[in-house]
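Only one structure is covered here, and it is reproduced in the block below.
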Amino acid sequence: MFASHRSQQEKTGKSDMPWTIRLVAFSLISLISLGASAALAAEVNLYSARKEQLIKPLLDRFTAETGIRVNLVTGKADALLKRLKSEGINSPADVLLTTDAGRLHRAKQVGVTQAVNDPELKAAIPSAYRDPEGHWFGLSLRARPILYVKGQVDATKLSSYEQLADPMWRGRICIRSSGNIYNQSLVASMIAVNGVQATEQWAKQFVKNFARPPRGGDRDQIKGAASGQCDIAIANTYYLAGMLLSKDPNERSAAQRMVVFWPNQEDRGTHVNVSGAAVTRSAKHVDEAVKLIRFLTTPEAQAWYSQTNGEYPVRSDAPVSALLKSWGDFKADTLNLSQLGLRNPDAVMLMDRAGWK
Numbered sequence: 612m613f614a615s616h617r618s619q620q621e622k623t624g625k626s627d628m629p630w631t632i633r634l635v636a637f638s639l640i641s642l643i644s645l646g647a648s649a650a651l652a653a654e655v656n657l658y659s660a661r662k663e664q665l666i667k668p669l670l671d672r673f674t675a676e677t678g679i680r681v682n683l684v685t686g687k688a689d690a691l692l693k694r695l696k697s698e699g700i701n702s703p704a705d706v707l708l709t710t711d712a713g714r715l716h717r718a719k720q721v722g723v724t725q726a727v728n729d730p731e732l733k734a735a736i737p738s739a740y741r742d743p744e745g746h747w748f749g750l751s752l753r754a755r756p757i758l759y760v761k762g763q764v765d766a767t768k769l770s771s772y773e774q775l776a777d778p779m780w781r782g783r784i785c786i787r788s789s790g791n792i793y794n795q796s797l798v799a800s801m802i803a804v805n806g807v808q809a810t811e812q813w814a815k816q817f818v819k820n821f822a823r824p825p826r827g828g829d830r831d832q833i834k835g836a837a838s839g840q841c842d843i844a845i846a847n848t849y850y851l852a853g854m855l856l857s858k859d860p861n862e863r864s865a866a867q868r869m870v871v872f873w874p875n876q877e878d879r880g881t882h883v884n885v886s887g888a889a890v891t892r893s894a895k896h897v898d899e900a901v902k903l904i905r906f907l908t909t910p911e912a913q914a915w916y917s918q919t920n921g922e923y924p925v926r927s928d929a930p931v932s933a934l935l936k937s938w939g940d941f942k943a944d945t946l947n948l949s950q951l952g953l954r955n956p957d958a959v960m961l962m963d964r965a966g967w968k
């Protein structure tokens, strides 16, 4: 009887499996296939102002832990912001990673970011280092202290940024141009504390103490001081760290001549800024974008920033590299860094009026 039934089934080509079972089986296979496709499709598109070698190892670790592929586009900070603005809502970018709170505020201002209300990010990042409305989050701190040449400066004469306007420093200071966002943010922080009028008076005296017309980047200010063109340089600490760890013996030699002095320890603290990230307004992968930013604020990622990039963690529970520790502890300015962006226009105009080229 069994053979006869099978023969009849072969003739008709029909299965004796009930249609309901076949439907359930088909549905399960479809769901599994869709789930596999979704897993394979998990991705996030990142526009990064950091060079690939300074971020790719972290991104690879993120992918290994989450299965989310990161499509990385790198470029100059201002160029990436211009590109985002040009692409508008059709931009493929989900996350913008860039330097300086002033730039992050600018991204918010031109409408290329969106607010993120994430309890994990709020808990991990101090309020001073993130946008009050959740448009951007600081990932690492970069301090901008006074650097002086060993044997050329009596450190007891140093105290604050404001004190650098004293005539005793005439012709002894190297610093970048007023077009540099780091200097604009420094001046913006001073405006927030001292007001426009007092800061402008300071700037007019400060520029008289320049050893040369501003030129080059932060490394050039350090090299200028080490070569005897000036005694003091204003530069971000990660540039000094990069030079101390450089394969170029000339860079190492120049950096080794410098001493870090933390200004304004008796009042507001040394000026700090951030590198940070924002979820773009055009983001098609918002959940993945938030997961990436969360990952970049983990203690492990923060430690990597410190060890590899010479930057300070935004988290107090993340370890600091031995090199950064060697410069000693310091009190950092706790001004909410959104103020740097808000006061940037005032800072730029003030620096121009003061003759800071």
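Heads up, the sequence shown is in our numbering, so the first residue is 612 and it goes up one at a time.
C-beta atoms are modelled at their ideal positions from N, C-alpha and C, and glycine is treated no differently.
Everything numeric in this text was worked out from a predicted model, so none of it was measured.
Residue i - containing beta strand (DSSP E), residue span
i	result
Asp891	Checking the sequence, you will find Thr at residue 891 rather than Asp. Neither: Thr891 is in no beta strand (DSSP E) and is coded neither H nor E.
Asn682	Arg680 to Thr685
Met801	Run containing Met801: none in the beta strand (DSSP E); it sits in the alpha helix (DSSP H), Ile792 to Asn805.
Ile783	A quick correction: the sequence has Arg, not Ile, at residue 783. Unbroken run through Arg783: none, as it is neither H nor E.
Val870	Met869 to Phe872
Ser697	Where Ser697 is concerned, there is no enclosing beta strand (DSSP E), although the alpha helix (DSSP H) it sits in stretches over Ala688 to Glu698.
Neighbour-count burial assignment, residue i, 16 or more Cβ in a 10 Å radius
i	result
Ala690	exposed
Ile757	buried
Tyr709	Correcting the residue type first, residue 709 is Thr in the shown sequence and not Tyr. Classification of Thr709: buried, given that the 10 Å Cβ count is 16 or more.
Glu676	exposed
Val723	buried
Gln664	exposed
Gly749	buried
Glu811	buried
Gly713	buried
Lys662	exposed
Met962	buried
Pick from the options that is closest to residue i, judged by C-alpha positions
i	options	result
Val871	Ile845, Phe748 and Gly880	Ile845
Val901	Ala888, Gly828, Leu758 and Tyr923	Ala888
Asn791	Gly827, Arg892 and Met801	Gly827
Tyr759	Leu750, Gln832 and Val723	Gln832
Asp777	Gly880, Trp813 and Gln795	Trp813
Arg783	Glu744, Asp842 and Asn847	Asp842
Tyr916	Ser751, Arg714 and Val807	Ser751
Ala852	Leu935, Val807 and Gly966	Leu935
Distance between beta carbons of residue j and residue i, contact taken as under 8 Å
i	j	result
Ser771	Asn875	5 Å
Val885	Val925	7 Å
Gln950	Ala726	About 18 Å separates the two Cβ atoms, so there is no contact after all.
Met854	Ala836	That belief does not hold up - the Cβ atoms of Met854 and Ala836 are roughly 12 Å apart, past 8 Å.
Glu922	Tyr849	5 Å
Lys696	Val655	Actually they are not in contact, since the Cβ atoms of Lys696 and Val655 sit about 20 Å apart, beyond 8 Å.
Tyr740	Leu948	6 Å
Paired residues, beta bridge with residue i - DSSP
i	result
Ser789	Note: Ser789 sits in no beta bridge, so no partner.
Tyr850	Answer by DSSP bridge pairing: none, since Tyr850 is not bridged.
Ala754	Val883
Ala943	Thr881
Asn656	Asn682
Element boundaries [alpha helix (DSSP H), containing residue i]
i	result
Val959	Asn955 to Arg964
CB contact check: residue i to chain B, cutoff 9 Å
i	result
Met779	The structure shown has no chain B; it contains just one protein chain.
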